[in-house]
Each structure stands twice: as C-alpha cells, then as structure tokens.
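Here's the structure we're looking at; comments come further down.
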Amino acid sequence: MKTDIISLSGLIATIFIDKEPDKCPICHNFILPLQKTGYEIDKNKYQLIFMCPNLNCHNLFIGYYGNELFLVSDRNAYLMHVAPKKHVDHEFSECIIELSPDFVYIFNQAEAANSINLDQVYGIGLRKSLEFLIKDYLIKLNPELKDHISKMNLSKCIKEHIDDVRIKQCAERAVWLGNDETHYMRLWDNKNIKDLYALIKITLNWIENNLLFKKYMDEMPKGKQ
Ligand SMILES: [Zn+2]
Numbered sequence: 000m001k002t003d004i005i006s007l008s009g010l011i012a013t014i015f016i017d018k019e020p021d022k023c024p025i026c027h028n029f030i031l032p033l034q035k036t037g038y039e040i041d042k043n044k045y046q047l048i049f050m051c052p053n054l055n056c057h058n059l060f061i062g063y064y065g066n067e068l069f070l071v072s073d074r075n076a077y078l079m080h081v082a083p084k085k086h087v088d089h090e091f092s093e094c095i096i097e098l099s100p101d102f103v104y105i106f107n108q109a110e111a112a113n114s115i116n117l118d119q120v121y122g123i124g125l126r127k128s129l130e131f132l133i134k135d136y137l138i139k140l141n142p143e144l145k146d147h148i149s150k151m152n153l154s155k156c157i158k159e160h161i162d163d164v165r166i167k168q169c170a171e172r173a174v175w176l177g178n179d180e181t182h183y184m185r186l187w188d189n190k191n192i193k194d195l196y197a198l199i200k201i202t203l204n205w206i207e208n209n210l211l212f213k214k215y216m217d218e219m220p221k222g223k224q
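According to numbering that gives the first Met the number 0, the stretch in the sequence shown is residues 0 to 224, in order.
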C-alpha cells in the first residue's frame, strides 16, 4: 500500500506499508482508519497518524512502522504496533464478582498494565490476582478457616484445601509460572506469561462451574411432581 510521508529531510516521500491498522486501539472497533499524515522519524522508522472513523470515537492514534532489514534504499515498512491503547476491563460473571471483587480488580489492573506493555508488572499482577481468587474461593467453602487460609502460603493452601483435582492441578501450575514472574530465577524456560494467563483462566472457569453447579443443586435439590 503506497503512502506519502514527510521524510527526514522534510520533503514528501513515498513509502510502501504492508497494511493499515484494522482495529481502533481506543474504542476497540474494527475500522478502516482515516490516514491523516505520516513522518519518517529515523531511517526506516515511520509514524503514521490515523483517525478512527467511528462517530462515537474519532480519536487519533499512531501506527508505528518499521523495516527490520534496515536497508536504506528500501521503502517498505511494516506495522509493528499502535498507540495509545485504551484498556477495556474484562467482564466477569456475577458469581466471580461476588466471590472475589479483589481478584476482579487486581486482574483488570494487570491487564491494564499489559495494554501499555508493562510486561513485568503484568506477571506480578496476574500472580497476585490468582492468590485472591483461590483464597476467596476456599474461604467461601470453609468460612470457619478464614484466618488460617488468609495467612497461609498459596501453594500450601492449594495442596491442603482444594479437593477438586482439576482446580488443584491448574492452580498449582499457575502458581509455578506465577512464581517465575516474581522470583529472581526462572524455572520454566519454555513457558511464558500467556501460559500463566491460560492457567488462571482455566482455574477461574473450573471455579465458576463449581459455584454455578452448587447454586443450582442448592436451589433445585429435587424434581417437582
Ligand atoms: Zn475508535
């Protein structure tokens, strides 16, 4: 795709970009952006200014383009990322919001950090959110153990108090990866933050299923004649 930019020398130049952003980073709608202008910031590094055509948004954002080959004569540039990004809170089901408002709050704060590329803070936030999710779940099941569970080490909590094998196994693995995000030395080299996120989501889903299962069994213990 051919586009004009202001070059380093201040003159208009033509470059070829691979694509325009197809999603607005602010309203998160799929869009055909309106390109306003573009600049060469450094050799083979370009910033193109776009406007979201969505009437309720109309915000400007920047598409960052570059060419990793760094061929001076090459005028091909590839979309690397867009900014600024506005974070949208993850929507949780009512039973999770009721179970652990702290988990919801911390998880969304971690996601907000991730949306502005604070990857180190993201991992620590996910690990912290997991602790609140597990402990609030266990305290709901065993309210008499509230003080004991609150003070306990998370791994020990999972080992000693979670009976459901699927939750136990997923949560244990999430803790292993979560510890890699907070400790000096990484033990799971072949796993990353996406795996931690996936394990927390699976743990969350099992917990949600268990809560809903219990709710309906309590509300409808037997059939009506
Ligand atoms: Zn928009």
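Note that beta-carbon positions come from the ideal geometry of N, C-alpha and C, so glycine has one too.
For residue j and residue i, the rounded distance between their alpha carbons
i	j	result
C94	I138	15 Å
D237	H160	What is shown of the chain runs 0 to 224, which leaves residue 237 out entirely.
L47	G62	5 Å
I11	E207	57 Å
H86	F29	16 Å
W187	G9	49 Å
E110	D88	8 Å
R74	K22	24 Å
D41	D3	16 Å
L31	C56	13 Å
F212	I201	16 Å
R165	V81	38 Å
Q108	I192	15 Å
C169	I148	19 Å
L144	H182	29 Å
Reduced DSSP category for residue i - H, G, I as helix; E, B as strand; rest coil
i	result
K226	In this structure the chain extends from 0 to 224, so residue 226 is not present and cannot be described.
I161	coil
D3	strand
I11	strand
I115	coil
Contact set for residue i: own chain, Cβ-Cβ below 8 Å, skip 5 residues either direction
i	result
Y196	L125
R185	D179
I5	I11, A12, T36, G37, Y38 and E39
I96	V103
S154	E171 and V174
Proximal residues to residue i (C-beta, below 7 Å), its chain only, five neighbours per side dropped
i	result
S92	E207
D17	Y77 and L78
L176	W187, K190, D194, L195 and L198
F131	S99, D101, F102 and I105
V120	A112
Y64	I16, Y45, L47, A76, Y77, L78 and M79
Rounded distance between the beta-carbons of residue j and residue i, thought under 8 Å
i	j	result
M50	E19	In fact, because the Cβ distance is near 11 Å, the residues do not count as touching under 8 Å.
V174	L129	7 Å
N58	I25	5 Å
D163	W205	7 Å
I157	K150	Actually they are not in contact, since the Cβ atoms of I157 and K150 sit about 15 Å apart, beyond 8 Å.
K84	I123	Going by Cβ atoms, the distance from K84 to I123 rounds to 20 Å, so no, they are not a contact pair.
Query - Ordered list of beta strand (DSSP E) runs contained in the region 25–95, each at least 3 residues - result: 33–41, 44–50, 59–65 and 75–82
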